[in-house]
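In my numbering, the protein residues as written are 210 to 353.
The structure under discussion appears below in the form of structure tokens.
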Amino acid sequence: MGPQGLRERRRTHPGRAPILSDIEQAYLWQALNSLADDGGLWNGPKVATKMRQLTGKPIHRQRGWEYLRLMNFRQLVPRTQDDEADTLAAARMEKKLNLEQGRLRVEYPAADIEVWAMDEHRLGLGACATACLGATRRTTNCCC
């Protein structure tokens, strides 16, 4: 081998051939633009099965997910609605917020009004707020 064998060849190595050829990727793209074979949405295992049909090679389901993401597809599933959600209370709060914004715009016409919201329950701040309210005048122990 000599000195040529010591040369770094990583830059000249083209890498592994892709799992799907350009034509197979086009077929997969067409398939992903329609419903899956079972009539549902596409996911990693279903894409891997489709790739297996196209290539005739075993394809792991993770590769299906990778190709799904590579082709910029996302699983679009509607968000679930909480059964205990109070839609009337939310509508009242939104109306009150709009009225308050209108009042502030009249009172401070030159100011930019920003509305910030935070979901304390998801952030785990419920116990923190209780601890802060229960604390004495010393706020150094407060976690907020």
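We put the beta carbon where it would ideally sit given N, CA and C, even for glycine.
Bear in mind the structure is a predicted one, so any value in this text is a computation, not a measurement.
>> Please classify Met260 as buried or exposed, where buried requires at least 16 neighbouring CB atoms within 10 angstroms.
In response: buried
>> I believe Trp251 touches Leu277 by the beta-carbon criterion, under 8 Å. Please report the beta-carbon distance rounded to the nearest angstrom.
In response: 6 Å
> Within this structure, are the beta carbons of Leu263 and Glu233 separated by less than 7 Å?
Replying inline: yes
> From Ile228, Gln213, Trp325, pick the residue whose C-alpha is nearest to that of Glu275; which is it?
Replying inline: Taking the Cα of Glu275 as reference, the smallest distance to any Cα among Ile228, Gln213, Trp325 is reached at Ile228.
> Going by C-alpha distance, which of Arg283, Pro254, Asn281, Phe282 is nearest Arg270?
Replying inline: Pro254
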